[in-house]
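Asker: The structure that follows is given in the form of structure tokens.
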Amino acid sequence: MKEINYVVWQEEKYYVARCLNVEVSSFGETLQEAIDNLKEAVELYYEGENFQLPEIKSVILGRDNINA
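Using the numbering used here, the letters of the sequence shown correspond one by one to residues 1 to 68.
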């Protein structure tokens, strides 16, 4: 069993979940569905491989304005 770190946000009617340890993301109509789908996607990404996930020491979430 391995531990993953993820972030989830809502876009329109869907929740998007992105793994911070590896470039894998998924979505769902509910928060829990998005998380469950992400876990399955990461498991499928590494299926049949012996792997080590990079450790995430801290997460900084920001929001700012841009000139666009």
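The beta-carbon is built from N, C-alpha and C at its ideal position, and this holds for glycine as well.
#1: When burial is assigned at 16 or more other CB atoms within 10 Å of the CB, is TYR46 buried or exposed?
#2: Against chain B, does GLU43 count as a neighbour if the rule is that its beta carbon must be under 8 Å from one of theirs?
#3: Suppose you measure from the CA of GLY69 to the CA of LYS13; what does that come to, to the nearest Å?
#4: Does the distance from the C-beta atom of TYR15 to that of THR30 stay below 8 Å?
#5: Do the CB positions of VAL22 and VAL42 come within less than 8 Å of each other?
#6: Indicate the three-state DSSP secondary structure (helix, strand or coil) for GLU83 in the structure shown.
Answerer: Answer, in terms of the structure:
#1: The residue you call residue 46 lines up with position 46 of the sequence shown. Answer is exposed; the Cβ neighbour count stays below 16.
#2: Of the chains in the structure shown, none is chain B; there is only one protein chain.
#3: The chain is shown from 1 up to 68; residue 69 falls before or after that span and cannot be answered.
#4: Counted from its first residue, the sequence shown places residue 15 at position 15. Counted from its first residue, the sequence shown places residue 30 at position 30. Contact: yes.
#5: For the purposes of this step, residue 22 is taken as residue 22 along the sequence shown, with counting starting at 1. For the purposes of this step, residue 42 is taken as residue 42 along the sequence shown, with counting starting at 1. Closer than 8 Å, so yes.
#6: Outside the shown range of the chain (1 to 68) lies residue 83, about which nothing can therefore be said.
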